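Down below is the structure, laid out as structure tokens.
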Amino acid sequence: MVQNILITGAGGYIGGNVLNDLSARKDGAFKDVKIIASVRQAAQVDQFTKLGFNAVQLDATDTRAVEDVVLKHEIDIVIHTAGGIEQTQVVNLIHALGARQKSLGEASKTYFIHAGVVTLFTPENGWPYGRATDADTDIFEKLKKLDDQHPIRITALKILEEGQKHNVQTLNIGIPLVYGTGTGPGRKISVNIPAMIRASKDARQVFKFETDARPPVAHIQDLSDLYVLLIEKILQGETPPQGEQGYYFAVAHQFSYWDLLSGLAKSLHQLGLVDDETVKTWPSWEAGADALGFPRAFIKGIAGSEGEMIAVKPFQLGWKPKWDEKRFLESIDEEIAAAEKFDTGKTSIFEVLVPSKA
1 MVQNILITGA
11 GGYIGGNVLN
21 DLSARKDGAF
31 KDVKIIASVR
41 QAAQVDQFTK
51 LGFNAVQLDA
61 TDTRAVEDVV
71 LKHEIDIVIH
81 TAGGIEQTQV
91 VNLIHALGAR
101 QKSLGEASKT
111 YFIHAGVVTL
121 FTPENGWPYG
131 RATDADTDIF
141 EKLKKLDDQH
151 PIRITALKIL
161 EEGQKHNVQT
171 LNIGIPLVYG
181 TGTGPGRKIS
191 VNIPAMIRAS
201 KDARQVFKFE
211 TDARPPVAHI
221 QDLSDLYVLL
231 IEKILQGETP
241 PQGEQGYYFA
251 VAHQFSYWDL
261 LSGLAKSLHQ
271 LGLVDDETVK
281 TWPSWEAGAD
291 ALGFPRAFIK
301 GIAGSEGEMI
311 AVKPFQLGWK
321 PKWDEKRFLE
331 SIDEEIAAAE
341 KFDTGKTSIF
351 EVLVPSKA
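For the sequence shown, full-length UniProt numbering gives the first residue as 1, with consecutive numbering after it.
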């Protein structure tokens, strides 16, 4: 049975890349699939339509509007990349898929694929269990035991609950720090590395935090390849692990922040964008957070993640990332060039968390 796909956040970095890659597939199980891009503004609908994409304007916090879109376009799979925190959106989307599921009966399944955050499983973000792997069969039970108010953790548990309630298959993709230039019709660059470049240019100096970290990361194309692989499995009639077994760590490799910042300092100095090649230390975590435009309350989780997060399930599916630490560190000039071309200033992505200043 042909299954239609709705991609929320299609004007964003990850959603746009996934939209572009899925739309390019016309072979095999993808042959008759209809892909709908969900965007927030009417102007984006016109933009996407002119580029050959099917697009709808949708406010995912509007319960009735979400259900109308899902049922009208016979959506069976939602790829939600519009935000990992907003619960109203995920509840509405899963509820709408549940209504679609009722119309299908047991003949077919509906899927909700969520873009979460893999650094949720680090000590800096309150994870007390040490090494984390998506192969853990009790990963959601561990999340429940924490009983805290971390917004991403709460949303992850809400997705599981709503999926079980509405008979919707739920998959949660733990997104790491993502780098590289995207191919989608909207945002082309990520948040973290462009913020470091912007802050360095503003201060005419590259800064680091007092401790190094080795965050989990993936190139945007490798991440998009994982999404395409998952969708292909579903379209071929396979049911990837879902629900309580549906966490996927999209981790291709790690890197040293200090190595990255050292490389940025050299390249930015060669371009005349900073005054020298040295890397100084931020006077405090709070000062660094403010300069980068990141929320103070979560800065150690964003820029200091040191936990061990082991991806197993993506590789079991056949995921083959093409980027590793060496290739990434050799591409610093490309990151700077992309930031110079596409960076539009501080992002509003963190505004739903907490104010950046106490």
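C-beta: ideal position from N, C-alpha, C; glycine also. Just so you know, these numbers come straight off a predicted model, no measurement behind them.
Residue i classed as buried or exposed, judged by whether at least 16 other C-beta atoms fall within 10 angstroms
| i | result |
| --- | --- |
| L271 | exposed |
| G345 | exposed |
| Q41 | exposed |
| A252 | buried |
| Q236 | exposed |
| P128 | exposed |
| G184 | buried |
| G52 | exposed |
| A60 | buried |
| Q44 | buried |
| E210 | exposed |
Rounded distance between the beta-carbons of residue j and residue i, thought under 8 Å
| i | j | result |
| --- | --- | --- |
| E306 | A195 | Actually they do not touch by this definition, with Cβ atoms about 20 Å apart. |
| F70 | L97 | Per the sequence shown, the amino acid found at residue 70 is Val instead of Phe. With a Cβ gap of about 6 Å, V70 and L97 count as contacting. |
Cutoff 8 Å: residue i Cβ touching any chain C Cβ
| i | result |
| --- | --- |
| T88 | Judged by its chain identifiers, the structure shown contains no chain C, having just a single protein chain. |
Cutoff 8 Å; reference residue i; Cβ partners in own chain excluding five residues on either side
| i | result |
| --- | --- |
| I189 | Y13, T181, G182, A338, A339, F342, D343 |
| I159 | V90, I94, F112, H114, T170, N172 |
| L157 | F140, L143, K144 |
| S356 | Only weak support exists for where S356 lies, its pLDDT of 35 falling under 50; the value from the coordinates is given anyway. Answer for S356: A289, D290, G293, F294, P295, R296, F350, listed in chain order. |
| D333 | S267 |
Neighbourhood of residue i by C-beta, 6 Å cutoff - its chain only, sequence neighbours within 5 removed
| i | result |
| --- | --- |
| V352 | Low confidence applies to V352: its pLDDT is 45, below 50, so where it sits in the model is not reliable, and the reading given next is rough at best. Cβ neighbours of V352 beyond the five flanking positions: I85. |
| residue 388 | This structure cannot speak to residue 388, because the chain is shown only from 1 to 358. |
| T122 | S305, G307 |
| T63 | N92 |
| P151 | I85 |
| L273 | K201 |
| K266 | E277 |
Check: residue i C-beta below 7 Å from any heavy atom of the ligand HEM
| i | result |
| --- | --- |
| K109 | No copy of the ligand HEM appears in this structure; indeed no ligand is present at all. |
Close Cβ partners of residue i (< 7 Å) along its chain, the five nearest in sequence each way excluded
| i | result |
| --- | --- |
| R153 | L120, L143, L146 |
| D275 | R204, Q205 |
| S256 | D212, R214 |
| G318 | L229 |
Threshold first: 3 residues or longer. Then list the beta strand (DSSP E) segments lying entirely within the UniProt domain "Saccharopine dehydrogenase NADP binding" (5 to 99), N to C.
35 to 39, 54 to 57, 75 to 80
Hey, is the stretch 63 to 78 in contact with the stretch 105 to 119, meaning 3+ C-beta pairs nearer than 8 Å?
yes
To test your reading of the DSSP string, which unbroken beta strand (DSSP E) runs of 3 or more residues are found completely within the stretch 158 to 194?
169 to 175, 177 to 179
What are the start and end residues of each continuous alpha helix (DSSP H) run of 4 or more residues lying completely inside the stretch 188 to 270, in chain order?
192 to 203, 220 to 235, 257 to 270
Restricting to runs no shorter than 3 residues, where is the beta strand (DSSP E) found entirely within the stretch 108 to 142?
111 to 117
The stretch 275 to 288 / the stretch 235 to 242 touching (three or more Cβ pairs under 8 Å)
no
Contiguous alpha helix (DSSP H) assignments of at least 4 residues, all confined to the stretch 286 to 348
Fully enclosed alpha helix (DSSP H) runs of 4 or longer: 299 to 303, 313 to 317, 325 to 329, 332 to 342.
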